[in-house]
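A.B. asks: Under this note's numbering, think of the first position of the sequence shown as 169, with each following residue one higher.
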Amino acid sequence: MDRNNDVETIASHFASFFKPDVSNAKSSVEASFAIRHLVYAEELKLEPENERKLETDEFDAQSIHCLIQHVATQRFAGTVRIIRSTSPAEKLPIEKYCEHSISNEQLHPSNFAREDIVEISRLAVPSEFRRRQMDQFDGAATGGINEATYSEKELRCFPFIAIGLYLTATAVLMQHNIHHCYVMVEPRLARSMRLVGLAFEQIGPVVDYHGKRAPFFINPMQVRDALRPGFKDLLETIIDKIKTQDKSDNRLIHSPTP
């Protein structure tokens with residue numbers, strides 16, 4: 169395949185090998201927890217290991233769990249979650265633990281309706297799906313792009329699974345007409361996502377929160393227009409696929425199904 173044409177073929181090639189799963193079925197949610205344990209506890213040592221080999225926290229009950237599944241093997245290749253808030257008592261992690269880090273008062277979550285704010289977190293890609301040499305660098309496990317190897321003509325350096333996860337989350341948020349999305353990430357991850365067209369806006373300084381991270385904001389409803397052409401096609405493909413999975417808003421918004 170001509171590398172100059174990679175960006176035009178991203179959507180079709182990705183869809184041939186991977187598919188999004190936003191069903192929030194019990195088996196899918198447990199697979200998400202298992203991937204998080206592999207990455208955050210066993211690999212990165214950011215969370216303690218446990219006998220169940222499942223990494224969970226207090227925010228999972230109010231989350232939509234998004235996964236990418238490898239079609240041929242049916243194994244899950246990555247996960248990310250969308251944390252919702254339905255009342256002032258149901259805070260987002262960024263509000264509960266990092267509120268002091270938000271210096272942009274105009275984009276503070278408290279300015280918006282609770283049902284219109286979310287936080288994306290716990291993106292994880294297991295090592296078996298990071299076998300390419302370009303993906304073997306610090307940060308790849310949680311979605312980073314190796315900026316040192318990036319060029320316009322060599323888009324194979326992008327970790328497509330991580331991008332697919334962000335776009336799957338975006339598709340869900342677009343489906344629910346959500347305008348205010350927050351994330352606590354390393355600035356280099358936010359920079360790398362801009363290469364794709366995901367324009368995360370930094371709204372505060374770097375703080376020590378599971379490593380050196382800063383608060384960022386993005387409006388999911390503006391993502392489609394900002395994406396590079398190939399990734400825009402990928403978003404449309406993902407939107408079509410999740411529409412066929414489940415048409416019930418309640419199932420996506422509320423707790424996992426049995």
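Where a beta carbon is used, it is the ideal one built from N, C-alpha and C, also for glycine.
Here the structure is a predicted model, which is why all the values come from computation and not from measurement.
Does the count of Cβ pairs from the stretch 338 to 348 and the stretch 377 to 384 closer than 8 angstroms reach three?
C.D. replies: Flag = no, the stretch 338 to 348 and the stretch 377 to 384 do not touch.
A.B. asks: In angstroms with no decimal places, state the Cα-to-Cα distance between F399 and I288.
C.D. replies: Cα to Cα, F399 sits roughly 19 angstroms from I288.
A.B. asks: Should V141 go down as buried or exposed, given a rule of 16 or more other Cβ atoms within 10 Å for buried?
C.D. replies: Outside the shown range of the chain, which is 169 to 426, sits residue 141, and nothing can be said about it.
A.B. asks: Taking DSSP as the reference, what is the three-state secondary structure of L235?
C.D. replies: Strand at L235.
A.B. asks: Are the beta-carbon atoms belonging to L245 and F182 less than 7 angstroms from one another?
C.D. replies: The sequence as given places Ala at residue 245; Leu does not occur at that position. Not closer than 7 angstroms, so no.
A.B. asks: Taking the beta strand (DSSP E) that P388 belongs to, which residues open and close that run?
C.D. replies: Counting along the chain, P388 falls outside any beta strand (DSSP E), and DSSP gives it neither H nor E.
A.B. asks: Going along the chain, which residues of its own chain have a beta-carbon closer than 6 angstroms to the beta-carbon of V391, five neighbours each way excluded?
C.D. replies: Excluding positions up to five away in sequence, the list reads T338.
A.B. asks: Please state the DSSP three-state secondary structure of G246.
C.D. replies: Residue state, collapsed to three classes: strand.
A.B. asks: To the nearest angstrom, how far is it from the Cα of Y377 to the Cα of E404?
C.D. replies: Cα-Cα distance, rounded: 34 angstroms.
A.B. asks: Return the first residue and the last residue of the alpha helix (DSSP H) that E287 is part of.
C.D. replies: First-last for E287: 285 to 292, but that is the beta strand (DSSP E), not the alpha helix (DSSP H).
A.B. asks: Measure the alpha-carbon distance for V364 versus K187 and round it to whole angstroms.
C.D. replies: Cα to Cα, V364 sits roughly 19 angstroms from K187.
A.B. asks: Which class does S184 belong to by DSSP, given the choice of helix, strand or coil?
C.D. replies: Here S184 sits in helix by DSSP.
A.B. asks: Where are the beta strand (DSSP E) runs, 3 residues long or more, that stay fully inside the stretch 323 to 406, in chain order?
C.D. replies: Counting whole runs of 3 or more residues, the stretch 323 to 406 contains the beta strand (DSSP E) stretches 348 to 353, 380 to 386.
A.B. asks: Are the stretch 247 to 255 and the stretch 228 to 238 in contact at 8 angstroms, needing three or more beta carbon pairs?
C.D. replies: They touch, by the three-pair rule.
A.B. asks: Using 8 angstroms as the threshold, is the stretch 341 to 359 in touch with the stretch 274 to 294, meaning 3 or more CB pairs across them?
C.D. replies: Result yes; three or more Cβ-Cβ pairs closer than 8 angstroms.
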